[in-house]
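For the sequence shown, our numbering assigns the number 489 to the initial residue and increments by one for each residue that follows.
Single-structure report; data block below.
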Amino acid sequence: MKNPEQKNVFISHYHGDEENIKKLKDLIGDKYDLHNYSVTSEKFNNAKDDDYIKSLLRPLIAKAGDFICLIGQHTHDSDWVNWEIEQAMKMGKNIVGVFCNGAADSDIPENLQKFASSIVGWRSDKIIDALNGVTSFENADGTQRISQSHRGVC
489 MKNPEQKNVF ISHYHGDEEN IKKLKDLIGD KYDLHNYSVT SEKFNNAKDD
539 DYIKSLLRPL IAKAGDFICL IGQHTHDSDW VNWEIEQAMK MGKNIVGVFC
589 NGAADSDIPE NLQKFASSIV GWRSDKIIDA LNGVTSFENA DGTQRISQSH
639 RGVC
């Protein structure tokens, strides 16, 4: 069996959805070994100053080749997730939204709605295609959605 290719990503997520990072790695592990640059409980920083935190996050987002946003039931409530998506857009990253099991269309963060390259369901083939630059926009139930992304609009 061929070893999976390493893929450097920043996985933006609501802290309560952190367990989905490992599940995502397992889901696409035959194709990609994800090296995640995002902050997790394993790499937690107790900093409280927003500007300082942003100064730590920007280079982590910059190191990643792709940006994945896990869409869970509370992701749309996170100011940090929206900020991270905006930074990824400014850096020209491929921004892939992935619905976690149980998430709804209303859970998509505002900036993901604006700047996503793709939004896909929890399916390895769709996630891998999106990471490879294949544009796809799906609803939480897997049906096709009309993109409302502003990427590439002048």
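Here a beta-carbon is modelled for each residue, glycine too, at the ideal position from N, C-alpha and C.
All figures in this text were calculated on a predicted structure; none of them were measured in a lab.
query: heavy atom of the ligand NAD below 6 Å from H562 C-beta; result: By its list of ligands, the structure shown contains no ligand whatsoever, and the ligand NAD lies outside what it can speak to.
query: Closest Cα partner of A592 within the set A604, W610, G580; result: W610
query: Beta bridge counterpart(s) of H523 as assigned by DSSP; result: N496
query: CA-to-CA distance, N582 to Q632, given in whole angstroms; result: 20 Å
query: CA nearest to the CA of K519, picked from E493, H501, S606, D537; result: E493
query: Buried versus exposed, by CB contacts within 10 Å (16 or more), E626; result: buried
query: Reference V586, options S500, N524, G553, K495, closest by Cα; result: S500
query: Three-way DSSP call (helix, strand, coil) for G585 in this model; result: strand
query: Per DSSP, the bridge partner or partners of V608; result: V586
query: Residue interval of the beta strand (DSSP E) (run including F603); result: That residue, F603, is in no beta strand (DSSP E); its alpha helix (DSSP H) goes 598 to 603.
query: Ordered list of beta strand (DSSP E) runs contained in the segment 540 to 567, each at least 3 residues; result: 554 to 559
query: Buried/exposed call for E540, threshold 16 Cβ in 10 Å; result: First, the residue type needs correcting, since residue 540 is Tyr and not Glu in the sequence shown. Y540 is exposed by the Cβ-count criterion.
query: When T528, Q601, G630, L600 are compared against D613, the one with the closest alpha-carbon; result: G630
query: Between the CA atoms of E572 and G560 - distance to the nearest angstrom; result: 16 Å
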